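In what follows, a single structure is set out as structure tokens and then discussed.
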Amino acid sequence: MIGFNRSQVIGAEFPDEDTVRFTGIQEDHIYGMEILMEVGISDACIKSVEGRMKRYTTFVCPQAVPVLQTAVGLNLREPGWDARVMREIGRKGCEHFAEIVIECGRSFDLAMASRDLAKAIEEDADLDQQRFVDDWFENRASAVGA
Amino acid sequence: MILRFLRNKVVEVEPRADGTLFVSWRLTDDLMNIEIELDVETPSLEIAEARARVGRLAPKAVREMAGRIDRVEGVTIGGGLRKIVKGLLTSEGPGSIVADAVLESANAVILHFTRPRIQANEGANVSEEERIARSQAMIKFNPRLIRSCIAYQDDSPLMKGVDLSGGNR
């Protein structure tokens, strides 16, 4: 029998030319939480974040909801941004909120690569998709100096 | 508005009859699918074996790093794990997803052992005072909880009576 199970679901939509809107859900045997987060495409900064705590372990946990606002303005291209989220939102607020914000942030490039690949396939059905993805990430790494 | 990207991720911990733990971490999204499996010894929590499978359009860095996952074999889940795993694999670029998968699997192992203790604190017959007392006992048992989140900051009601230097105040 399974002793512990956690599921994360991250969705990304593009409501306008300069915004990615993420919805993140984390459910496990112990905790249940959701995040709604918008990120600017041009500056990779978190524009807004909201959180909903559904299942938690202590009566103090909901006090972590306002702490989420410290993520606004955070740049997802900044080295160590994920460690900063864990420090500022996780340790001072809720580690599980931080985990979802980090997973949304990690999905930032992938969501854009996925959107760009879909557009490229529309223009060229015979596109070498693997090459497109490899080139996309290589160019992205060069662009951000990674 | 429809989604342009969707990621599903599952991590499971399953105790085996021989006392070891089998950890399965799986991810699928629009671009890639990855499966990581760890065999973890108990009570040492040493990673005895690590396997990875990568498919669909995973970026080159992910494919390369998945091929090096056996580097974490012999590593013990415990203090300093993050630094060790990031050092053995990578913390940079898309390939870092493999190290993150190992760390999330290790976190799931810890939560597997935490779950029964949290469950014991639940139930209608447990008063608020008793619940706080049990939380404080948990803090004494696991001091790493101190300042790990808002519930265990110095000014939290759960920390009342807990001596941050070691004993009770």
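Protein chains in written order, with our numbering: chain F, 1331 to 1476; chain V, 391 to 559.
C-beta: ideal position from N, C-alpha, C; glycine also.
Owing to the predicted nature of the structure, the values given are computational and were not obtained by experimental measurement.
Residues of its chain near residue i, where Cβ-Cβ distance is below 6 angstroms and the 5 sequence neighbours each way are ignored
i                  : result
Ser525 of chain V  : Leu548
Asp420 of chain V  : Phe395
Gly1341 of chain F : Thr1353
Asp1412 of chain F : Ile1432
Ala541 of chain V  : Leu548
Close-in-space but distant-in-sequence residues of the same chain around residue i (CB under 8 angstroms, 5 per side omitted)
i                  : result
Val1402 of chain F : Ile1376, Lys1377, Ser1378, Val1379
Val1415 of chain F : Ala1401, Leu1404, Ala1428, Val1431, Ile1432, Gly1435
Gly457 of chain V  : Ala442
Ala510 of chain V  : Arg524
Ile1451 of chain F : Leu1457, Gln1459
Ala1443 of chain F : Val1463, Trp1466, Phe1467, Arg1470
Arg537 of chain V  : Gln543, Asp544
Gly563 of chain V  : The structure shown does not extend to residue 563 of chain V, since chain V spans only 391 to 559, so no value can be given for it.
Asp1373 of chain F : Asn1405
Thr1388 of chain F : none
Pairwise C-alpha distance: residue j and residue i
i                  : j                  : result
Leu479 of chain V  : Ile437 of chain V  : 15 angstroms
Ala1476 of chain F : Arg1470 of chain F : In this prediction, Ala1476 of chain F has a pLDDT of 45, which is less than 50 and means its spatial position is unreliable; what the coordinates show is noted afterwards. Rounded to the nearest angstrom, the two C-alpha atoms are 8 angstroms apart.
Glu1347 of chain F : Ile1371 of chain F : 8 angstroms
Arg559 of chain V  : Leu535 of chain V  : A caution first: Arg559 of chain V carries a pLDDT of 43, below 50, which makes its placement in the model too unreliable to give a value.
Arg507 of chain V  : Ile529 of chain V  : 12 angstroms
Phe1344 of chain F : Leu393 of chain V  : 8 angstroms
Arg461 of chain V  : Ile474 of chain V  : 10 angstroms
Gly557 of chain V  : Pro533 of chain V  : Residue confidence is low: Gly557 of chain V scores 45 on pLDDT, short of 50, so the model does not pin down where it sits. No coordinate-derived value is stated.
Val1339 of chain F : Gln1393 of chain F : 24 angstroms
Thr410 of chain V  : Ser434 of chain V  : 10 angstroms
His1359 of chain F : Ala498 of chain V  : 10 angstroms
Glu1408 of chain F : Ala1441 of chain F : 18 angstroms
Ala527 of chain V  : Glu520 of chain V  : 10 angstroms
Lys476 of chain V  : Asn515 of chain V  : 45 angstroms
Asp408 of chain V  : Asp429 of chain V  : 11 angstroms
Ile1419 of chain F : Ile500 of chain V  : 21 angstroms
Arg505 of chain V  : Asn1335 of chain F : 11 angstroms
Thr1349 of chain F : Ala1448 of chain F : 18 angstroms
Gly551 of chain V  : Phe531 of chain V  : 15 angstroms
Pro405 of chain V  : Phe503 of chain V  : 11 angstroms
Glu482 of chain V  : Gly1410 of chain F : 10 angstroms
Val400 of chain V  : Ser1337 of chain F : 4 angstroms
Leu1366 of chain F : Arg1417 of chain F : 20 angstroms
Arg397 of chain V  : Arg446 of chain V  : 13 angstroms
Glu494 of chain V  : Val413 of chain V  : 10 angstroms
Met391 of chain V  : Arg1445 of chain F : 14 angstroms
Leu417 of chain V  : Asp553 of chain V  : 42 angstroms
Asp1454 of chain F : Arg1421 of chain F : 47 angstroms
Met1383 of chain F : Glu427 of chain V  : 30 angstroms
Glu512 of chain V  : Ile459 of chain V  : 39 angstroms
Arg1461 of chain F : Glu1357 of chain F : 35 angstroms
Pro1396 of chain F : Thr466 of chain V  : 36 angstroms
Glu518 of chain V  : Trp415 of chain V  : 36 angstroms
Own chain, CB closer than 7 angstroms to residue i, minus 5 neighbours either side, in chain order
i                  : result
Tyr1361 of chain F : Arg1385, Tyr1386, His1426
Ser486 of chain V  : Thr480
Cys1424 of chain F : Cys1391, Ala1394
Thr432 of chain V  : Gly409, Thr410, Leu411
Distance CB(residue i)-CB(residue j) smaller than 7 angstroms
i                  : j                  : result
Glu425 of chain V  : Arg443 of chain V  : yes
Arg1351 of chain F : Glu1368 of chain F : yes
Glu402 of chain V  : Ile1332 of chain F : yes
Val1390 of chain F : Ser546 of chain V  : yes
Pro484 of chain V  : Phe1467 of chain F : yes
Leu471 of chain V  : Ala491 of chain V  : no
Ala574 of chain V  : Glu463 of chain V  : Nothing can be reported for residue 574 of chain V: it is not among the residues displayed for chain V, which extend from 391 to 559.
Ala448 of chain V  : Met422 of chain V  : yes
Leu1398 of chain F : Gly1381 of chain F : yes
Counterpart residues of residue i in DSSP-defined beta bridges
i                  : result
Glu402 of chain V  : F:Asn1335, V:Ser414
Arg397 of chain V  : F:Ile1340
Gly1370 of chain F : F:Thr1349
Gly1362 of chain F : F:Glu1357, F:Arg1385
Residue range of the unbroken alpha helix (DSSP H) whose run includes residue i
i                  : result
Asn497 of chain V  : 486 to 510
Gln526 of chain V  : 518 to 531
Val1350 of chain F : That residue, Val1350 of chain F, is in no alpha helix (DSSP H); its beta strand (DSSP E) goes 1349 to 1358.
Gly1435 of chain F : 1425 to 1453
Asn551 of chain V  : According to the sequence displayed, residue 551 of chain V carries Gly and not Asn. Looking at the DSSP string, Gly551 of chain V is not in any alpha helix (DSSP H), and its letter there is neither H nor E.
Leu478 of chain V  : 471 to 478
Ala451 of chain V  : 450 to 456
Residue span of the beta strand (DSSP E) that contains residue i, given as start and end
i                  : result
Arg1407 of chain F : Premise fails: Arg1407 of chain F is in no beta strand (DSSP E) and is neither H nor E.
Arg443 of chain V  : 437 to 446
Lys1377 of chain F : 1376 to 1385
Ile424 of chain V  : 422 to 430
Val465 of chain V  : Run containing Val465 of chain V: none; DSSP gives neither H nor E here.
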